[in-house]
Structures are given as C-alpha cells and as structure tokens.
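J.: Would you mind keeping the following structure in view while I ask a few things?
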Amino acid sequence: MFGPLRAGRLAAGRGTVGLQLLSRLFSSLPIIDVGPLVAENSDLAERQAVGAQLHIACRDVGFFYIKNHGIPESTYGKVLTEAQRWFNLPENIKEQIKITPQSHYRGYQRLGANVTRYEGGFQRDWHEGIDLYKEEDIGDVEAQGRPASPIHGRNQWPHQLPSFEAILRTYIESMLTLSAKIARGIALGLDLKEDYFDGQLAGDSYWVTRVIHYPPLSEGTQHRGEDGGITAEASDAAQGAVVDRSVQLSCGEHTDYGMLTMVNQTPDMTALQVRNAQGEWVPAAPIPGTFVCNIGDMYKVWTNGLYQPTVHRVINSHPSASRISIPFFFEPNFEATVRPLPQFCPPGEQPKHAPVRYGTHLESKVLNNFEL
Ligand SMILES: N=C(N)NCCCC[C@H](N)C(=O)O
Ligand SMILES: O=C(O)CCC(=O)C(=O)O
Ligand SMILES: [Fe+2]
Numbered sequence: 071m072f073g074p075l076r077a078g079r080l081a082a083g084r085g086t087v088g089l090q091l092l093s094r095l096f097s098s099l100p101i102i103d104v105g106p107l108v109a110e111n112s113d114l115a116e117r118q119a120v121g122a123q124l125h126i127a128c129r130d131v132g133f134f135y136i137k138n139h140g141i142p143e144s145t146y147g148k149v150l151t152e153a154q155r156w157f158n159l160p161e162n163i164k165e166q167i168k169i170t171p172q173s174h175y176r177g178y179q180r181l182g183a184n185v186t187r188y189e190g191g192f193q194r195d196w197h198e199g200i201d202l203y204k205e206e207d208i209g210d211v212e213a214q215g216r217p218a219s220p221i222h223g224r225n226q227w228p229h230q231l232p233s234f235e236a237i238l239r240t241y242i243e244s245m246l247t248l249s250a251k252i253a254r255g256i257a258l259g260l261d262l263k264e265d266y267f268d269g270q271l272a273g274d275s276y277w278v279t280r281v282i283h284y285p286p287l288s289e290g291t292q293h294r295g296e297d298g299g300i301t302a303e304a305s306d307a308a309q310g311a312v313v314d315r316s317v318q319l320s321c322g323e324h325t326d327y328g329m330l331t332m333v334n335q336t337p338d339m340t341a342l343q344v345r346n347a348q349g350e351w352v353p354a355a356p357i358p359g360t361f362v363c364n365i366g367d368m369y370k371v372w373t374n375g376l377y378q379p380t381v382h383r384v385i386n387s388h389p390s391a392s393r394i395s396i397p398f399f400f401e402p403n404f405e406a407t408v409r410p411l412p413q414f415c416p417p418g419e420q421p422k423h424a425p426v427r428y429g430t431h432l433e434s435k436v437l438n439n440f441e442l
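Numbering (my numbering) for the sequence shown: 71 to 442.
See the structure below:
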C-alpha cells in the first residue's frame with residue numbers, strides 16, 4: 071500500500087509554485103486524531119495512517135489540531151490558571167526574573183519588550199511572557215567540546231508563586247514526550263523511518279516553552295501614543311488581508327523557528343489567526359481537548375520547501391478579557407545540522423535551502439527579539 075502510491079503522493083506537492091499556492095487555500099484547520107501515535111500498543115499501519123493525515127496537513131495547511139493526545143486536563147488546565155495568577159503579580163515582582171543577556175535570554179519579558187520580525191518588517195507585540203528553554207550548564211557544554219552560546223544556561227523559574235515551577239515542569243515533560251511522538255508520525259508521513267528525527271536531529275530537542283499573557287489590545291492604546299499614535303481603528307484595519315506594519319497586534323505575523331509548535335490556550339477566546347495563500351486570516355479558535363499545532367522553519371529545509379511554515383499572528387480584540395497561551399516549541403538539537411533531504415531535491419537542481427545549524431538559526435532570532 072505504501073509503495074509507488076506513496077512515492078506519488080509525496081511528489082504531488084512538489085510541482086510548481088502555482089500548485090503549492092492552490093493547495094494552501096484552506097479555510098479551516100484539520101483535526102487529527104493522534105491516538106495511535108500516543109498509544110503503547112498501536113500497529114505500525116495505524117501510525118502510518120495518522121502519518122498520512124499529518125503529511126496532507128503539513129503540506130497543504132501547516133497548521134492542524136490534535137485530539138486524543140493523552141495529556142490530561144489537570145496538566146494543561148492547571149498551567150493556564152497558574153500563569154494567570156503569576157501575571158497578576160505587581161510588575162516589580164515579575165521584573166525580578168526579567169530577561170537580560172546575563173540571564174541567557176530566559177525569564178520575564180514585560181509588555182512590549184518582544185519585537186517580532188518577519189520578512190524585513192517588525193511588530194512590537196502587546197504581550198508579556200516567561201521564556202523557558204532546555205537547561206544546560208555552560209561548563210557542561212564546554213566540557214563536551216561544544217561552543218557556548220549566549221542562550222545556554224539555566225532558566226529563571228517564576229519562584230514568586232511557589233506552586234508554579236512543579237506545574238510547569240510536569241507540563242513541559244508531557245509536551246516534550248507528546249511532540250516527539252507527533253514528530254515520529256510526521257516522519258512516517260514523509261516516508262522516512264519512524265525514528266528518523268530521534269538521535270542527532272531532535273533526540274535531544276532544544277525545546278522552548280513560552281508562557282504568554284495577552285491583555286486586551288484596547289488597553290494598549292494608552293501606551294501607543296508614545297510610539298507613534300497607533301489607533302484602535304488601525305488595529306481593526308489589521309484584520310484585513312493587507313498588513314500595515316505600523317499597527318500594533320498582540321503578536322505580529324511570523325513563522326516559528328523550529329519543528330513543531332503545540333499551543334495550549336485560554337478556552338472560549340479566538341485570537342490566533344493563520345494566513346492562507348490568498349492572504350486571508352483563518353481563525354484557530356480553541357477546541358476543547360485539543361492543541362493547535364503548527365510546523366516551523368526546519369521542516370521547510372528538510373523537505374526542500376514541500377512543507378512551508380505558515381504565517382500566523384495574534385489579536386486579542388476582546389474588550390476586557392485577558393488571554394493566556396502556553397506554546398510548547400519542539401525543536402531540533404542545538405547542534406543539529408538541518409539540510410534538504412535528497413529525496414525532495416529534483417536531480418540536477420540546486421537544493422532551495424542551504425544547510426543550517428539549528429542553534430545558529432535560533433540565536434539569530436532570539437538575540438534580535440527584544441528591546442530590553
Ligand atoms: N523558539 C521558537 N520556535 N520560538 C518561536 C516564537 C516566535 C514568535 C515570536 N513572537 C517572534 O518574535 O518571532
Ligand atoms: O498565542 C498564540 O496562540 C500563538 C503564539 C505564537 O505564535 C508564538 O509565540 O510563536
Ligand atoms: Fe508562533
């Protein structure tokens with residue numbers, strides 16, 4: 071069943087740019103039951119069937135919901151509640167763990183500190199957050215003969231709320247295990263060995279968790295006069311297809327840097343939007359019991375452009391309610407070299423993307439993300 075048919079299926083999206091655009095004219099995001107990827111005792115054929123759905127979603131949309139992921143509400147719900155409690159603390163308390171170069175870009179970013187850059191434009195985001203990464207001691211990195219990065223180090227955990235760290239660690243551990251299983255499904259969908267991304271590529275994922283609080287965008291207007299008088303009307307205009315880069319959004323349009331992002335968000339608020347090939351913004355409304363997932367820049371390189379990381383942004387247009395989202399970013403190993411796989415490169419043609427060391431790609435983003 072997975073012989074020539076599969077080869078044909080993979081090749082299908084590889085044609086002209088026009089064909090690719092046609093296939094990315096989605097108006098909703100697929101929902102994928104990942105139960106067989108999570109279960110201990112599923113058959114390879116069942117996992118391949120999920121892989122086939124992941125393949126279509128990654129090729130044609132770049133975003134999808136996962137259901138039957140096995141993470142209990144007690145894990146993903148509790149972390150949202152704790153985050154809201156922590157963000158309610160006074161600013162001077164939150165600043166105790168603020169991001170600096172000395173903190174290895176880990177910790178608290180105040181409202182407006184994050185500048186999202188994309189294709190030469192930039193956007194000051196209207197959110198505050200806590201950035202947590204895989205932890206490594208610089209001494210250990212150097213002992214392994216690897217170059218120390220400005221990002222390497224330990225996290226600043228939100229210690230002012232003593233219960234928060236354990237809840238976050240449980241969440242991170244669950245999401246890391248889950249995302250590695252989804253990545254195995256994506257490998258199957260690409261006709262690769264199931265464990266293709268384990269080991270040197272992503273077996274020691276340089277994961278990131280960002281705990282984000284988006285106050286209503288309208289509350290930002292009082293601050294906006296200072297940097298150029300951005301109005302609520304302008305913010306409404308931003309809902310259209312043409313993006314005015316001077317307009318302030320909750321999070322500016324961008325693609326994610328790594329492999330797979332899984333978003334845990336406040337229920338009943340629609341704020342995340344995904345751009346299709348026509349430039350329309352498709353809402354990624356929360357669906358109870360699911361995570362919104364999207365692929366990042368690295369699958370674009372591996373598949374030589376067959377998979378594209380989809381542009382997205384966040385607008386909290388609610389008049390008074392805060393939104394929390396806690397994306398978990400499953401990334402390659404810091405030292406992984408990501409290069410187009412030969413089966414995605416037509417013979418005799420130059421690959422579309424040069425090899426990239428993931429850590430270098432991450433550094434180039436993170437070191438330019440903040441006005442500290
Ligand atoms: N490590 C990863 N994948 N991080 C992705 C975050 C991208 C969003 C961010 N607002 C930005 O400034 O681009
Ligand atoms: O808050 C969200 O729903 C998504 C945030 C996001 O796109 C990001 O942090 O990369
Ligand atoms: Fe994102």
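Backbone N, C-alpha and C fix where the C-beta goes; we use that ideal spot for every residue, glycine too.
Would the beta-carbon of residue 280 fall within 7 angstroms of that of residue 397?
T.: One-based indexing of the sequence shown puts residue 280 at position 210. One-based indexing of the sequence shown puts residue 397 at position 327. A contact, by the Cβ cut-off of 7 angstroms.
J.: Report the three-state DSSP secondary structure of residue 409 (helix, strand or coil).
T.: Locating residue 409 in the sequence shown gives position 339, counting from the first residue. It is coil, neither helix nor strand.
J.: Please classify residue 438 as buried or exposed, where buried requires at least 16 neighbouring CB atoms within 10 angstroms.
T.: For this step, residue 438 is matched to residue 368 along the sequence shown. It is exposed - the Cβ of residue 438 has fewer than 16 other Cβ atoms within 10 Å.
J.: By how many angstroms is the C-alpha of residue 129 removed from the C-alpha of residue 429?
T.: Along the sequence shown, read from residue 1 onward, the residue named residue 429 stands at position 359. Along the sequence shown, read from residue 1 onward, the residue named residue 129 stands at position 59. So the two alpha carbons sit approximately 25 angstroms from each other.
J.: Using a Cβ-based criterion (distance less than 6 angstroms to any ligand heavy atom), does residue 207 qualify as near ligand 1?
T.: Counting from one through the sequence shown, the residue named residue 207 turns up at place 137. Answer for residue 207: no, Cβ out of range of ligand 1.
J.: From which residue to which residue does the alpha helix (DSSP H) around residue 238 run?
T.: Counting from 1 along the sequence shown, the entry for residue 238 is found at position 168. Unbroken alpha helix (DSSP H) run through residue 238: 234 to 259.
J.: Would the beta-carbon of residue 383 fall within 7 angstroms of that of residue 322?
T.: Here the question's residue 383 lines up with position 313 in the sequence shown. Here the question's residue 322 lines up with position 252 in the sequence shown. Closer than 7 angstroms, so yes.
J.: By the three-class DSSP mapping on this structure, what secondary structure does residue 415 have?
T.: The sequence position of residue 415 within the sequence shown is 345, counting from 1. In this structure, residue 415 counts as coil in the three-state DSSP scheme.
J.: Out of curiosity, what's the CA-to-CA distance linking residue 256 and residue 264?
T.: As a first step, residue 256 must be located in the sequence shown, where it is residue number 186. As a first step, residue 264 must be located in the sequence shown, where it is residue number 194. Those two C-alpha atoms are separated by around 8 angstroms.
J.: Okay, do the region 135 to 145 and the region 157 to 164 touch, 3+ Cβ pairs below 8 angstroms being the bar?
T.: Taking 8 angstroms as the limit for Cβ pairs, the verdict is that the region 157 to 164 does not touch the region 135 to 145.
J.: Rounded to the nearest angstrom, what separates residue 173 and residue 119 at their Cα positions?
T.: Start at 1 with the first residue of the sequence shown, and residue 173 comes out as number 103. Start at 1 with the first residue of the sequence shown, and residue 119 comes out as number 49. Cα-Cα distance, rounded: 44 angstroms.
J.: Should residue 384 be listed as close to ligand 2, given that the test is whether its C-beta is under 6 angstroms from any heavy atom?
T.: For the purposes of this step, residue 384 is taken as residue 314 along the sequence shown, with counting starting at 1. For ligand 2, at least one heavy atom lies less than 6 angstroms from the Cβ of residue 384.
J.: For residue 169, does the count of other Cβ atoms within 10 angstroms reach 16, so buried, or fall short, so exposed?
T.: Taking the sequence shown and counting its residues from 1, one reaches residue 169 at position 99. So residue 169 ends up on the buried side.
J.: Do the CB positions of residue 225 and residue 205 come within less than 7 angstroms of each other?
T.: Position 155 of the sequence shown, counted from the start, is the residue given in the question as residue 225. Position 135 of the sequence shown, counted from the start, is the residue given in the question as residue 205. The answer is yes: Cβ separation under 7 angstroms.
J.: Spatial neighbours of residue 98 within its chain, please: CB distance less than 7 angstroms, with the 5 preceding and 5 following residues excluded, ordered by chain position.
T.: Within the sequence shown, numbered from 1, the residue matching residue 98 stands at position 28. So the list reads 352, once near-sequence residues are dropped.
J.: Quick check: does the Cβ of residue 367 come within less than 6 angstroms of any heavy atom belonging to ligand 3?
T.: As a working note, residue 367 is residue 297 in the sequence shown. False, no ligand heavy atom lies under 6 angstroms from that Cβ.
J.: Please name the residue in 193, 271, 153, 318 whose C-alpha comes closest to that of residue 324.
T.: On the sequence shown, residue 324 is found 254 positions in, with the first residue counted as 1. The shortest Cα separation from residue 324 among 193, 271, 153, 318 belongs to 193.
J.: By Cβ distance, which residues of its chain are closer than 8 angstroms to residue 339, with the 5 residues on each side in sequence left out?
T.: Here residue 339 refers to the residue found at position 269 when the sequence shown is read from its first residue. 356, 386, 388, 391, 393.
J.: Give the secondary structure of residue 106 by DSSP, where H, G and I count as helix, E and B as strand, and everything else as coil.
T.: Start at 1 with the first residue of the sequence shown, and residue 106 comes out as number 36. Looking at residue 106 - three-state DSSP - the assignment turns out to be helix.
J.: Can residue 401 and residue 328 be called in contact, C-beta distance under 7 angstroms?
T.: Taking the first residue of the sequence shown as 1, we reach residue 401 at position 331. Taking the first residue of the sequence shown as 1, we reach residue 328 at position 258. In this structure, residue 328 lies closer than 7 angstroms to residue 401 by Cβ.
J.: Helix, strand or coil for residue 269? Go by DSSP, reduced to three states.
T.: For the purposes of this step, residue 269 is taken as residue 199 along the sequence shown, with counting starting at 1. Coil at residue 269, not helix or strand.
J.: Consult DSSP for residue 290 and reduce its assignment to one of helix, strand or coil.
T.: Numbered from its first residue, the sequence shown carries residue 290 at position 220. Residue 290 falls in the helix class under three-state DSSP.
J.: Consider the C-beta atom of residue 321 and the heavy atoms of ligand 1; say whether any pair is separated by less than 6 angstroms.
T.: For the purposes of this step, residue 321 is taken as the residue at position 251 of the sequence shown. True, at least one ligand heavy atom lies under 6 angstroms from that Cβ.
J.: Of the residues 412, 285, 371, 369, which one's Cα is nearest the Cα of residue 180?
T.: Indexing the sequence shown from 1 puts residue 180 at position 110. Checked all of 412, 285, 371, 369; the closest Cα to residue 180 is 285.
J.: List the endpoints of the continuous alpha helix (DSSP H) containing residue 441.
T.: If you number the sequence shown from 1, residue 441 lands on position 371. Segment: none, residue 441 is in no alpha helix (DSSP H) and carries neither H nor E.
J.: Can you have a look at residue 229 and say buried or exposed, based on whether 16 or more other CB atoms are within 10 angstroms of its CB?
T.: Taking the sequence shown and counting its residues from 1, the one referred to as residue 229 is at position 159. Exposed is the call here.
J.: Quick check on the burial criterion: 16 or more other C-beta atoms within 10 angstroms. Buried or exposed for residue 32?
T.: Because the chain spans 71 through 442 in this model, residue 32 falls outside it and cannot be assessed.
J.: Ends of the alpha helix (DSSP H) at residue 151?
T.: Start at 1 with the first residue of the sequence shown, and residue 151 comes out as number 81. 143 to 157 is the extent of the alpha helix (DSSP H) around residue 151.
J.: State the Cα-Cα distance for the pair residue 107 and residue 117, rounded to the nearest angstrom.
T.: Numbered from its first residue, the sequence shown carries residue 107 at position 37. Numbered from its first residue, the sequence shown carries residue 117 at position 47. In a straight line, the C-alpha of residue 107 is about 6 angstroms away from that of residue 117.
J.: Taking the continuous beta strand (DSSP E) assigned at residue 322, which residues delimit it?
T.: Your numbering for residue 322 matches position 252 in the sequence shown. Note, residue 322: beta strand (DSSP E), 321 to 324.
J.: Going along the chain, which unbroken runs of the beta strand (DSSP E) with 3 or more residues stay wholly within the region 181 to 219?
T.: 185 to 188, 191 to 194, 198 to 203
J.: Does the distance from the C-beta atom of residue 149 to that of residue 208 stay below 7 angstroms?
T.: Residue 149 sits at position 79 when you count from the first residue of the sequence shown. Residue 208 sits at position 138 when you count from the first residue of the sequence shown. Not closer than 7 angstroms, so no.
J.: Measure the Cβ-Cβ separation of residue 473 and residue 95 and say whether it is below 7 angstroms.
T.: This structure cannot settle anything about residue 473, because the visible part of the chain is limited to 71 through 442.
J.: Quick check: is any heavy atom of ligand 1 less than 6 angstroms from the C-beta of residue 240?
T.: What you label residue 240 is simply residue 170 of the sequence shown in a count that begins at 1. No.
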